[in-house]
Structure formats: C-alpha cells, structure tokens
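Take a look at the structure set out below.
There are 2 protein chains.
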Amino acid sequence: MAQARLLADLRACVGPEHVLTGDDAVPYLTDWRKTVTGRAVAVVRPANRDEVAQVVRLCAAAGAPVVPQGGNTGQVAAATPDASASAVVLSLLRLNRVRAIDPDNDTVTVEAGCVLQTVQEAAREAGRLFPLSLGAEGSCTIGGNLATNAGGTQVLRYGNARELALGLEVVTPEGEIWDGLRGLRKDNTGYDLRDLYIGSEGTLGVITAAVLKLFPLPRAQRTALIATPGLSQALLLLQRARAGFGAELTAFEVMATPCLRDVTRAFAQQRLPFTEIDDDMWCVLLEVSDNEGEQHAQDRLEVVLSGALEAGEVSDVVVSVSESQSAAFWHLRESITLALAQADVCVKHDISLPASKIPDFVRETDRALATAFPGVRMRVFGHLGDGNLHYNLLPPRGASKADIQRLVHDRVHAAGGSISAEQGIGQHRVEDLERYKSDVELALMRRIKTALDPRGVMNPGKVLPMESKGDCP
Amino acid sequence: MAQARLLADLRACVGPEHVLTGDDAVPYLTDWRKTVTGRAVAVVRPANRDEVAQVVRLCAAAGAPVVPQGGNTGQVAAATPDASASAVVLSLLRLNRVRAIDPDNDTVTVEAGCVLQTVQEAAREAGRLFPLSLGAEGSCTIGGNLATNAGGTQVLRYGNARELALGLEVVTPEGEIWDGLRGLRKDNTGYDLRDLYIGSEGTLGVITAAVLKLFPLPRAQRTALIATPGLSQALLLLQRARAGFGAELTAFEVMATPCLRDVTRAFAQQRLPFTEIDDDMWCVLLEVSDNEGEQHAQDRLEVVLSGALEAGEVSDVVVSVSESQSAAFWHLRESITLALAQADVCVKHDISLPASKIPDFVRETDRALATAFPGVRMRVFGHLGDGNLHYNLLPPRGASKADIQRLVHDRVHAAGGSISAEQGIGQHRVEDLERYKSDVELALMRRIKTALDPRGVMNPGKVLPMESKGDCP
C-alpha cells in the first residue's frame with residue numbers, strides 16, 4: 232500500500248518513464264563485479280537537482296532508504312541495494328550536463344551523472360586537462376568518482392578525486408539543497424563539508440554537481456618501461472624520479488614479472504620489450520608529462536634514467552618513441568586485470584602503505600602466505616608512487632579466501648597501512664572497517680552519520696553497519 | 232570554589248609551573264593584532280598528548296571551556312578567550328617534537344606545537360621541502376596552521392595546509408585520543424575526519440600531532456618582478472605562466488602600484504627596479520622552482536616572459552640574477568603590510584574569487600567605494616594565482632569601517648567569492664558567516680558541532696555563534 236503510494240508519487244515527480252521496475256530495473260540491481268544482486272521498490276531517474284531533492288523527500292517520508300548510483304562501476308557494491316526490496320535506487324545518469332567551463336579560472340562545473348570521459352573531453356576542448364583517469368572512465372560518473380574518492384593512474388601528480396574538487400552541490404537526507412558550488416582555491420569560512428561528502432559513498436547525502444579543477448595540457452608525454460632488480464630498487468628509482476622530474480612525474484606503476492608473463496601468455500599480440508627478465512624483477516611504468524615539448528621530455532628521461540642505470544637501480548629500460556608505443560606500455564599494465572580474470576580464483580587486496588615500508592611488507596607477507604598457504608602464487612602490481620598495491624594472489628585449491636584476506640589485512644594494519652586504498656568500504660568491507668578502525672574513530676563516524684542523517688535514509692548498511700536501524704522510521 | 236579545584240587538578244596534571252595565572256598568563260590572553268583581550272581561569276601548558284587529553288577531561292568535567300592556542304599569530308582572535316574568565320587556554324607550545332621523518336615516504340610526523348620554521352628546517356636537513364610558507368613562520372605553530380588551514384605564498388603549487396597533511400592525532404572534547412597519524416597517499420576507509428578537524432579552529436577537538444607531506448627540494452629558484460598594464464593583463468600572464476612553467480610556477484603575487492609607492496616612501500632602502508610606472512599598473516612577483524638547475528630556470532623564464540612581452544601582457548620585467556635579489560623582491564612584497572601599518576586606519580579584506588572575475592570585481596568595487604566613500608584610497612595586493620586578494624584601503628576620515636566592509640563583502644558574496652580566504656572566522660567574523668552562508672550550510676555546521684562537541688567544551692563562540700549555550704553544562 233505504502234509502496235504503491237510511493238511509486239505513484241515518484242512517477243508524478245520524475246515522469247512514469249523514469250521510474251523503472253521489473254525487468255527495466257534489473258541492470259541497476261547487480262554490482263559491476265556481479266558479487267551481489269539486490270531488490271528495490273524502483274529505480275528512479277530524476278532529471279535535475281530539484282527532482283533529486285523531491286525524490287529524497289518522498290522516500291524519507293515513506294521510510295524508504297535511498298541508494299544513490301552513478302555508472303555502477305564500483306568494486307564494493309556501495310551502489311547496490313540490499314535484498315529487502317525496501318529501498319529506492321536513485322540513478323544520477325540523467326544529470327549529465329556540463330553546466331559551465333571557466334578556462335580563466337581553470338574550473339569546470341559538471342553534474343554528477345556526467346561520465347568521466349565526457350568531463351575529460353570537455354576540458355580538452357577548452358584547452359585544459361582534467362587529470363582524473365581510471366580504467367572505467369568510459370562508464371563511471373563524476374558523482375560516483377567523488378562519492379568514492381576515486382584514485383586512478385595520475386594520483387601521484389594530481390591527487391585523488393578529493394583533491395580535484397573545489398565545490399559541491401549536495402541534496403541532504405531531508406531533501407534540502409546545499410549549494411557549495413564554489414570555484415575557489417582558498418576559502419576558510421567554516422567546516423569543510425565538501426571533503427566530508429567526498430568519499431562518504433552516498434551515506435550522508437547525494438552529490439548532484441561539482442566544481443572541478445583544471446590544469447594546463449602538457450605539451451608532451453613520454454613513458455618508459457623499466458626493469459628493476461627488485462622492489463627496493465624500484466623505490467630508489469621512485470625517489471630519483473621525484474627529484475629529477477618534480478611534478479612532471481605523472482605516473483609510477485610497478486608490475487611483478489609473473490603478472491606480465493600472464494599477460495603475454497593470455498594475449499598473443501602483447502610483448503615484453505626486454506630480452507632477459509627473471510621472476511624476482513619488477514617492471515616500472517614511468518610517465519612524464521612535459522610542459523616544454525618532446526625533445527625536453529626525451530632529454531630529461533635520458534638524464535634521470537642513465538643515473539639510475541649507473542646506480543644499479545635499473546637493469547633494462549625502453550623509452551617510448553611514439554604515442555602508440557606509450558599506449559602499448561599502458562595497455563600491458565591495464566591488461567593485467569584481464570589476464571588475472573582468466574584464473575579460476577584470484578584473491579585481491581587494494582592496500583596502501585607508507586612507500587618506505589613496501590619492500591619489506593611484500594617480502595615478509597609473501598613468505599607468510601607461502602607458509603600458511605603452500606602453493607600460493609603472487610600477482611602483485613599497483614601504483615608504487617602512491618604507496619598503493621593491488622596485492623593479488625592465486626590461492627592453492629581449497630584455501631579459504633577469508634583466511635587469506637585476514638592474514639594480509641592484519642599485516643597491512645600492523646604496518647600502518649590501509650585495507651582499502653582506492654575502492655572504499657561499500658557493503659563488502661563493513662566488517663573490515665569495524666575490525667581495523669579504533670573505537671574512537673568508529674564512534675566519531677557514527678556521530679557524523681547520525682547528525683547528518685538521523686533517520687538513516689541514505690544508503691544504509693554501507694560504510695557503517697546497520698546498527699542505527701532503531702532510529703529509522 | 233569549583234575553579235580552585237580545577238586549578239589544583241590542572242597543577243597536579245601538568246605540574247604547577249605549567250599552569251599560568253596572573254601576569255604569567257597575560258601574553259596568552261591578547262590576540263596577535265591586539266584587537267581583543269580575554270580572561271581565563273589559567274593558561275595550561277601540557278607536555279604531551281596524554282596530558283592534553285587529561286586537561287580536556289578535567290575542563291569538561293568542571294564545565295570550563297577549552298581555548299586551544301598555538302603560536303598566537305592568528306588574524307581573527309580564534310585562540311583568545313572571551314571576557315568571562317571561565318575558560319582555560321590550552322597552549323600547545325610544549326608539544327614541540329619532530330616525532331619521525333621518513334624521507335623514503337616523503338613524510339614527517341610532528342607535534343602541534345612545532346614552530347613552522349622548525350618543520351621546514353627538519354625537512355631540509357633530510358633533503359626535502361616542506362612548502363608551507365607564510366609571514367609568521369618563525370612564530371606560528373603547525374597545529375595552528377592546520378587548525379586554521381593556513382595559506383601563504385606557495386598555495387598555487389602545493390595547496391593550503393589541508394593539502395599538506397596526510398594524518399592527524401586529535402584529542403576529542405571528551406578527552407579521548409583519535410590516532411589518525413597515517414602517512415598514506417590513498418586511504419578510502421570511511422569518513423574524512425582529517426579534513427573536518429583541519430580548519431575547524433579548535434572548535435571540534437585539539438590537534439596534537441600530524442603527518443605532513445614532503446617534496447623534493449628544487450634545484451633552483453628564480454623570481455621575476457614584472458610590470459603589467461593592468462589586472463586583466465596580469466590574469467593573461469598567469470595563464471601563460473601556468474601553461475609554460477606547469478607545476479614549476481610556485482608563486483604569482485600581484486601588487487597595485489600605490490602599495491609599492493608606500494613601501495619605497497616608508498623604507499628608504501627599498502627601491503622599485505622600474506624606471507616608469509604609473510598608478511594603473513600592477514606588478515607581478517613570479518617565482519619558479521626548477522628541478523633541473525639555474526640555467527634551465529633562466530632559459531624558461533626568458534621563453535615565457537618574452538612571449539608575454541610580445542603579447543603586450545608585460546610592460547617591463549626584471550629577472551633576479553641572485554638569491555639576494557630574489558630576497559629583495561620578496562622583501563618588497565612583504566613590506567607592504569608594514570608600510571600600511573603606518574597609516575592611521577587601514578580597512579582590510581581577505582577575499583577570494585574565481586580568478587576570472589577578479590579584474591571586473593576590482594574595477595567595479597573600486598568605483599563603488601569611490602562613490603560611497605569619496606577620497607578612499609585603494610591598497611590592493613595578494614595571491615592572484617590563488618584568486619586571493621588582500622583588498623585593503625585607506626578610508627576617508629569619518630567613514631564607517633563596518634559600512635565599508637559590508638559594501639565589499641556583499642560584492643564578494645554576489646560574485647561567488649569568499650569573505651575569508653586565508654584567515655578563518657575566529658571571533659571576528661562570526662556575524663559575517665551568519666550573513667553570507669545559507670541556512671542549509673549553517674545548519675549542517677551546527678549539527679556537526681553538536682555531534683562532535685555536545686557539551687560545547689571546545690572554543691565556544693568561535694566559527695559558530697554561542698547559541699547552543701543551553702547545551703553547555
């Protein structure tokens with residue numbers, strides 16, 4: 232009865248064709264990795280922020296939780312409803328306008344449902360760079376990127392999504408609109424609401440638009456694929472590259488040799504440019520973005536890398552001579568995930584550590600895993616420049632995934648690291664959050680949730696557990 | 232009675248010599264600009280975070296508000312108690328250890344009472360740069376810098392204090408310790424408490440330590456003093472410099488000619504290096520920090536600035552040939568405030584705007600002021616690269632300071648700007664915050680304050696008005 236009334240109200244608000252139920256709703260109810268499928272009263276697709284606000288008010292009044300969803304490309308099912316069929320999925324895909332671009336202020340104002348690639352293209356058309364870049368950029372939305380504080384391949388230079396946002400527009404759990412769309416580099420007027428909403432995975436409100444930072448387009452980009460004798464040498468190379476390239480160092484990725492062997496085995500057209508490479512070596516994909524030009528980029532790479540060769544940090548190096556070769560190096564890096572997908576089981580960890588601790592962590596954790604789970608095969612790669620590793624492994628038959636993850640995450644925690652560097656908490660890592668966060672930190676988070684969403688309307692059960700259910704209507 | 236008991240408890244906690252009353256307390260009770268003098272039960276100087284926590288617990292139990300204070304160099308009296316003599320001033324100056332430095336992770340862990348210059352020096356000794364830099368750096372503390380999200384001269388490249396902090400340690404209003412001292416570039420595990428405490432001016436808790444980002448030391452720094460025909464040309468030059476130098480552009484300051492004339496009049500040893508300069512011109516102080524060397528910095532300056540000369544964005548330019556000449560250029564910039572201090576009255580505004588709007592804003596607001604307050608003389612300078620102007624003026628005799636500020640701030644607000652870019656709210660701008668923030672934003676801030684400090688222990692009357700007094704014990 233109440234649901235029928237809510238459905239009717241939602242249809243009146245956004246138009247019946249934008250309230251999806253039955254088969255039409257199905258694509259919105261399973262997460263991207265197909266780990267869970269939920270149920271919902273409906274999937275609602277409002278057209279603008281006022282409709283978003285009205286939808287949230289209707290849901291709040293009806294006691295229906297709201298699950299915001301962007302491109303549905305997340306890794307932790309933060310945008311998937313639970314099985315109770317009580318929630319409304321609020322899709323932001325129709326809020327897809329680039330509202331304004333201001334090249335002289337180096338800002339662009341976009342709606343939450345803009346696909347990341349669209350934002351990149353709008354910036355480029357204005358002669359500017361929007362640097363956020365990740366695998367899902369053709370499907371993910373900027374609202375989802377902000378709600379999850381997305382990372383990607385350019386964090387080393389430009390920071391996470393958080394550092395790329397200057398202002399937000401947010402619909403609160405009461406359906407009010409906070410207009411914080413300020414395009415300012417400096418603004419010390421009160422508490423930092425912006426960064427509280429960023430990364431909160433739709434549990435405190437709905438991001439409907441944002442003002443984003445733009446940057447000058449680099450004149451030239453060069454990549455080098457580098458073989459290093461081990462992770463310690465890769466870390467030395469990182470320090471050398473930071474000193475030698477400064478902010479022109481825009482990516483520093485590492486890949487363990489077995490990952491690359493998987494790629495060349497899975498995809499016949501992919502080749503490693505090195506003649507000799509053994510299993511202990513690590514490859515580095517290094518990218519520089521130069522504001523002078525091709526020749527300068529080339530010269531600097533030679534200066535810095537010849538120093539690294541002399542110092543023994545580097546065994547072999549190939550510098551791209553063309554954009555297509557650069558693309559091929561990146562393709563190698565990006566194919567690792569696809570190659571790993573061919574394995575029966577792959578246990579993944581998205582961890583970060585102080586960069587200085589990574590070589591010891593990997594050596595010791597590899598050893599602990601080999602002892603506890605004989606036959607385990609490591610497949611580690613990631614963003615060494617950010618201290619972020621995709622510490623993945625192929626377990627022996629019968630090994631418990633939960634036991635493996637516990638071993639890895641306990642060691643990450645002991646080393647002062649994070650058990651979710653890029654991907655967030657969603658519904659998959661709620662228990663981990665409770666295990667690894669201190670009581671003080673958890674209590675602070677709960678107080679914020681209760682203060683900003685006292686009725687528990689927004690995306691319940693994500694980030695924090697459902698315990699505050701008693702407060703819900 | 233209750234106060235005598237609290238004093239005895241505080242003495243037992245931190246030692247009697249660190250509980251200051253009477254004359255010993257006087258230096259802590261007046262703000263740096265000498266705008267207000269408060270009264271306090273005592274000034275307490277704990278030695279470490281555990282003592283801070285205990286002091287906060289004692290104060291909370293006794294119903295005594297806590298006013299945290301660092302170097303006491305703020306501009307808005309955020310660290311000064313009110314006149315009621317009910318508060319305890321909590322000085323962080325004895326928490327002054329550099330706890331750890333990790334060059335391979337490019338981080339340093341410092342206590343809140345470390346003087347900013349000490350942090351800079353510790354970084355330099357480890358071969359790294361800590362880039363936060365501002366006039367008060369010999370006296371201000373890093374805890375105060377973080378509590379107020381300090382800006383300074385390098386924001387264009389490195390961001391505000393917020394962007395330089397990776398982790399915090401905070402004592403909550405209940406006297407609990409949140410250990411968020413993480414040295415991670417990526418960590419998406421729950422709400423962003425760090426950025427909530429940063430900039431909250433001691434109203435949500437006491438920052439006791441922080442993990443800060445370090446950067447490679449630049450190989451060379453060059454400055455240029457540039458005369459531009461007007462602010463519009465200065466803005467074009469900014470865009471050219473951003474494209475031409477990329478992240479090597481570390482400062483872009485503007486100064487209206489009358490400011491510079493004041494400096495050369497007030498200080499005989501200061502000279503302008505230009506032969507011809509008229510009152511409509513604006514000078515730019517541009518700094519590049521180069522990771523290759525002196526020659527490269529020089530070459531790049533010539534390339535970029537000769538383009539600007541050809542385009543008519545620049546009338547005259549002098550590039551520093553030595554560190555001492557660079558220092559002289561910076562000294563000219565930094566002397567403006569001192570020269571203005573010789574005027575009988577100077578009405579100051581610390582505003583920010585989208586950079587694209589600054590030329591129109593200045594022209595139109597200058598005109599509006601001249602109409603409303605005939606005889607007003609403008610003295611404008613600031614960080615154009617950050618959209619931040621110190622929009623100062625010398626009013627005609629008898630003009631109301633409040634009326635002038637209202638005119639300026641109303642126009643800033645209408646243009647989407649901030650009425651406090653760097654300096655915060657403290658006690659001086661609480662009414663402005665209420666005037667210019669939306670009801671939605673104010674309500675969100677109040678909810679956060681109430682959630683994290685339900686008894687109103689922390690720095691009451693700062694940032695937000697005292698209205699929640701009813702909740703206090």
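Chains as they are written, first to last, in our numbering: chain A, 232 to 704; chain B, 232 to 704.
By construction, the Cβ of each residue, glycine as well, lies at the ideal position given by its N, Cα and C atoms.
For clarity, every value in this text was computed on a predicted model and none was experimentally measured.
Pairwise C-alpha distance: residue j and residue i
{"i": "B/S649", "j": "A/V250", "result": "40 Å"}
{"i": "A/A284", "j": "B/L260", "result": "47 Å"}
{"i": "A/K265", "j": "A/L571", "result": "16 Å"}
{"i": "B/K693", "j": "B/S651", "result": "14 Å"}
{"i": "B/A574", "j": "B/L625", "result": "8 Å"}
{"i": "A/P691", "j": "A/D684", "result": "10 Å"}
{"i": "B/L456", "j": "B/A558", "result": "11 Å"}
{"i": "A/G618", "j": "A/T304", "result": "23 Å"}
{"i": "A/D335", "j": "B/R471", "result": "11 Å"}
{"i": "A/G302", "j": "A/D255", "result": "16 Å"}
{"i": "A/E554", "j": "A/V329", "result": "29 Å"}
{"i": "A/I589", "j": "B/R288", "result": "39 Å"}
{"i": "A/Y422", "j": "A/E352", "result": "33 Å"}
{"i": "B/E400", "j": "B/E248", "result": "26 Å"}
Residues sharing a beta bridge with residue i, DSSP
{"i": "A/W409", "result": "A/V401"}
{"i": "B/A455", "result": "B/L517 and B/V550"}
{"i": "A/N623", "result": "A/R610"}
{"i": "A/Q300", "result": "A/S322"}
{"i": "B/L467", "result": "B/L467 pairs with nothing; no bridge assigned."}
{"i": "B/A310", "result": "The partner list for B/A310 (beta bridge, DSSP) is empty, contrary to what the question assumes."}
{"i": "A/S555", "result": "DSSP, once it has assigned bridges, lists no residue as partnering A/S555."}
{"i": "A/S583", "result": "A/N619 and A/S649"}
{"i": "A/P447", "result": "A/R359"}
Buried/exposed call for residue i, threshold 16 Cβ in 10 Å
{"i": "B/G358", "result": "exposed"}
{"i": "A/E595", "result": "exposed"}
{"i": "A/V534", "result": "exposed"}
{"i": "A/L540", "result": "exposed"}
{"i": "B/G701", "result": "Here B/G701 scores only 43 on pLDDT, less than 50, and its place in the model is too uncertain to base an answer on."}
{"i": "A/V552", "result": "exposed"}
{"i": "A/M697", "result": "exposed"}
{"i": "B/E665", "result": "exposed"}
{"i": "A/Q500", "result": "exposed"}
{"i": "B/G411", "result": "buried"}
{"i": "A/P362", "result": "buried"}
{"i": "A/S537", "result": "exposed"}
{"i": "A/D591", "result": "exposed"}
Under 8 Å by beta carbon: chain A residues contacting residue i
{"i": "B/S669", "result": "W409 and D410"}
{"i": "B/T681", "result": "A682"}
Under 7 Å from the C-beta of residue i: neighbouring residues of chain B
{"i": "A/V694", "result": "G421"}
{"i": "A/Q470", "result": "D335"}
Under 9 Å from the C-beta of residue i: neighbouring residues of chain B
{"i": "A/V607", "result": "Residues of chain B passing the Cβ test: none, with the nearest at roughly 25 Å."}
{"i": "A/T454", "result": "Those within 9 Å of A/T454 in chain B number zero; the least Cβ separation is about 18 Å."}
Chain-ordered chain A contacts of residue i [CB-CB under 7 Å]
{"i": "B/V386", "result": "R416 and K417"}
{"i": "B/P447", "result": "R473, A474 and G477"}
Residue i: CB within 7 Å of a non-hydrogen atom of the ligand FMN
{"i": "A/W513", "result": "This structure lacks the ligand FMN, and indeed carries no ligand of any kind."}
Interface residues of chain B facing residue i [CB-CB closer than 8 Å]
{"i": "A/F612", "result": "Simply none; closest approach about 15 Å."}
{"i": "A/N304", "result": "For clarity, residue 304 of chain A is Thr in the given sequence; the question names Asn instead. Per Cβ cutoff of 8 Å: no residues; A/T304 is ~15 Å from chain B at best."}
{"i": "A/D617", "result": "R416 and K417"}
{"i": "A/I650", "result": "T420"}
{"i": "A/R678", "result": "A682 and L683"}
Exercise. Do the stretch 486 to 499 of chain B and the stretch 629 to 643 of chain B make contact, defined as three or more Cβ pairs closer than 8 Å?
Worked result: No, the stretch 486 to 499 of chain B is not in contact with the stretch 629 to 643 of chain B.
Exercise. Is it true that the stretch 376 to 390 of chain A meets the stretch 424 to 441 of chain A, where meeting means three or more beta-carbon pairs spaced less than 8 Å apart?
Worked result: As far as the Cβ criterion goes, the stretch 376 to 390 of chain A touches the stretch 424 to 441 of chain A, which means the pair count is three or higher.
For this session: Spell out a yes or no on whether the stretch 495 to 511 of chain A and the stretch 469 to 480 of chain A are touching, meaning 3 or more CB-CB pairs, one atom from each, closer than 8 Å.
Result: At 8 Å Cβ cutoff, the stretches do not touch.
Exercise. Just checking, does the stretch 284 to 297 of chain B make contact with the stretch 234 to 248 of chain B on the three C-beta pairs under 8 Å criterion?
Worked result: Contact between the stretch 284 to 297 of chain B and the stretch 234 to 248 of chain B is present: three or more C-beta pairs spanning the two stretches fall below 8 Å.
Problem set entry | Three CB pairs or more closer than 8 Å across the stretch 457 to 469 of chain A and the stretch 510 to 517 of chain A | Yes, the stretch 457 to 469 of chain A is in contact with the stretch 510 to 517 of chain A.
Problem set entry | Segment contact, 8 Å Cβ cut-off, at least three pairs: the stretch 562 to 571 of chain B with the stretch 596 to 609 of chain B | No, because fewer than three Cβ pairs between the stretch 562 to 571 of chain B and the stretch 596 to 609 of chain B fall closer than 8 Å, the two stretches do not touch.
Exercise. Counting pairs of beta carbons, one from the stretch 311 to 328 of chain B and one from the stretch 263 to 278 of chain B, are three or more of them closer than 8 Å?
Worked result: The stretch 311 to 328 of chain B and the stretch 263 to 278 of chain B touch, with no fewer than 3 CB-CB distances between them shorter than 8 Å.
For this session: Could you tell me whether the stretch 607 to 615 of chain A touches the stretch 662 to 679 of chain A, using the rule of 3 or more Cβ pairs below 8 Å?
Result: No, they do not touch.
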